[in-house]
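With our numbering, letter number 53 in the sequence shown gets 68, and the count goes up by one each step, no holes. Have a look at the structure below before the remarks.
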Amino acid sequence: MLTIGELASYAGVTVRAIRHYHATGLLPEPERDHSGYRRYDGSTVVELIKIRTLTEAGVPLARVRQLLQADAKEFTAALTDIDERLQAEIRQRQRHRERIARLTTGDNLALPPELIQFLDQLRALGVDERIVHLERDGWIPLTTHSPDQVPKWLARKQKHLTDPPLIDFYLTLSRSLDHPPHDPTLPHLADELATYITHLATTQGDDYLNTDIPPELADVLDTLAFDTAPPARHLIDLLTERGWTGWTTLERIR
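As structure tokens, then:
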């Protein structure tokens with residue numbers, strides 16, 4: 016027969032926990048011996064280990080009580096459900112660990128691998144890191160607000176990333192960051208961009224340029240672009256003179 020302290024030691028719990036289980040009726044309280052001490056047998060050790068294992072797995076005490084009273088079939092089925100839940104939690108925690116590990120690289124936070132690859136493509140083209148960060152910061156709210164649309168938007172960008180006018184757009188905008196807002200190279204870029212956009216609209220239709228981004232979100236992205244790259248605002252003014260308006264959402268001026 017075991018004292019309450021010995022029982023606690025064998026089962027890996029505290030004496031206080033045992034007393035709590037007694038108070039809640041989860042663990043039957045044994046009769047006291049002639050000296051007034053509780054004495055426990057080996058079956059109580061097994062029962063207490065079951066309680067400890069289930070509670071450590073996150074099973075509420077009320078459910079633990081039900082399981083201890085269940086037959087073998089119900090108990091086994093419940094353990095299977097608990098194991099599946101724990102596996103799901105482990106997978107979720109692993110995803111959290113991966114995201115935390117990616118924090119060291121900055122770009123990877125909140126962005127899927129295909130977008131990270133796109134940002135790396137921009138770097139490989141020689142795009143200024145500030146513009147890359149602008150792209151990254153723009154994609155984060157897009158992935159949060161419209162995750163189902165991101166593959167379509169990204170595929171379109173990647174499709175045209177080899178087009179000379181688009182490459183020139185990124186590189187010229189990169190160089191203009193350290194120049195006055197009215198950089199003299201911007202009018203030429205606006206000419207090329209207007210020609211390029213008009214070509215896309217002519218060959219693909221104006222709807223091809225419609226990103227379906229909600230106006231309020233487009234406003235956020237526009238503000239982000241203008242704050243990060245002030246020359247972008249002047250570039251929009253120049254594009255407006257050439258028949259197009261908008262940054263995130265392009266529209267033909269009728």
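Think of the CB as a built atom: it goes at the ideal place given N, C-alpha and C, for glycine as much as any other residue.
Would you give the residue range spanned by the alpha helix (DSSP H) that residue i belongs to?
i, result
"Asp183", "179–191"
"Leu42", "That residue, Leu42, is in no alpha helix (DSSP H); it is neither H nor E in DSSP."
"Gln84", "That residue, Gln84, is in no alpha helix (DSSP H); it is neither H nor E in DSSP."
"Trp168", "165–174"
"Val235", "230–243"
"Asp206", "201–219"
"Val147", "144–160"
"Asp135", "128–140"
For residue i, tell me which candidate among the options has the shortest Cα-Cα distance.
i, options, result
"Asp234", "Thr264, Asp252, Asp222", "Thr264"
"Tyr52", "Glu62, Arg31, Ile19", "Ile19"
"Glu144", "Ile105, Asp193, Leu157", "Asp193"
"Val7", "Leu69, Leu188, Gly261", "For residue 7 there is no data in the structure shown, the boundaries of the chain being 16 and 269."
"Leu130", "Pro156, Gly57, Ile251, Tyr25", "Pro156"
"Pro202", "Leu250, Asp221, Pro45, Tyr223", "Leu250"
"Pro246", "Pro199, His214, Tyr223", "Pro199"
"His214", "Pro230, Arg267, Leu253", "Arg267"
"Glu46", "Arg257, Ala216, Pro128, Met16", "Met16"
"Leu208", "Arg110, Asp252, Arg112, Asp86", "Asp252"
"Ala72", "Gln102, Thr217, Thr39", "Gln102"
"Tyr25", "Thr39, Thr59, Pro230, Glu44", "Thr59"
"Pro230", "Arg112, Gly261, His197, Asp178", "Gly261"
"Tyr185", "Leu140, Pro195, Thr255", "Leu140"
So residue i and residue j are in contact, right, with Cβ under 8 Å, and what is the actual spacing, rounded?
i, j, result
"Ile66", "Tyr36", "6 Å"
"Leu204", "Asp183", "7 Å"
"Glu62", "Leu42", "7 Å"
"His160", "Leu232", "6 Å"
"Val74", "Ile97", "6 Å"
"Ser191", "Val142", "With 8 Å as the limit, Ser191 and Val142 do not qualify as a contact, their Cβ atoms being about 12 Å apart."
"Arg257", "Asp206", "7 Å"
Go through its chain and collect everything with a Cβ distance to residue i's Cβ below 7 Å, but skip five positions before and after it.
i, result
"Ile228", "Thr263, Thr264"
"Arg15", "Residue numbering for the chain in the displayed model covers 16 to 269; residue 15 lies beyond these limits and cannot be assessed."
"Phe90", "Leu82"
"Val147", "Leu134, Leu137, Arg138"
"Ala23", "Thr29, Val30, Ile33"
"Asp48", "Arg54"
"Arg248", "Phe241"
"Thr187", "Thr200, Leu204"
For residue i, which residues does DSSP report across the bridge?
i, result
"Arg53", "Arg47"
"Leu17", "Tyr55"
"Arg267", "Trp259"
Which same chain residues end up closer than 6 Å to residue i when comparing Cβ atoms and leaving out the 5 residues on each side of it in sequence?
i, result
"Thr243", "Leu149"
"Tyr211", "Pro180"
"His175", "Leu181"
"Thr158", "Val165"
"Val93", "A small correction: the amino acid at residue 93 is Ala; Val does not occupy that position in the sequence shown. These residues qualify, in order along the chain: Leu82."
"Arg80", "Leu41"
What does a CB cutoff of less than 8 Å around residue i pick up in its chain, not counting 5 residues either side in sequence?
i, result
"Gln136", "Gln173, Leu176"
"Leu239", "Leu149, Asp152, Gly153"
Any heavy atom of the ligand NAP within a distance shorter than 8 Å of the CB on residue i?
i, result
"Thr158", "Of the ligands one can find in the structure shown there are none, so the ligand NAP has no counterpart to examine."
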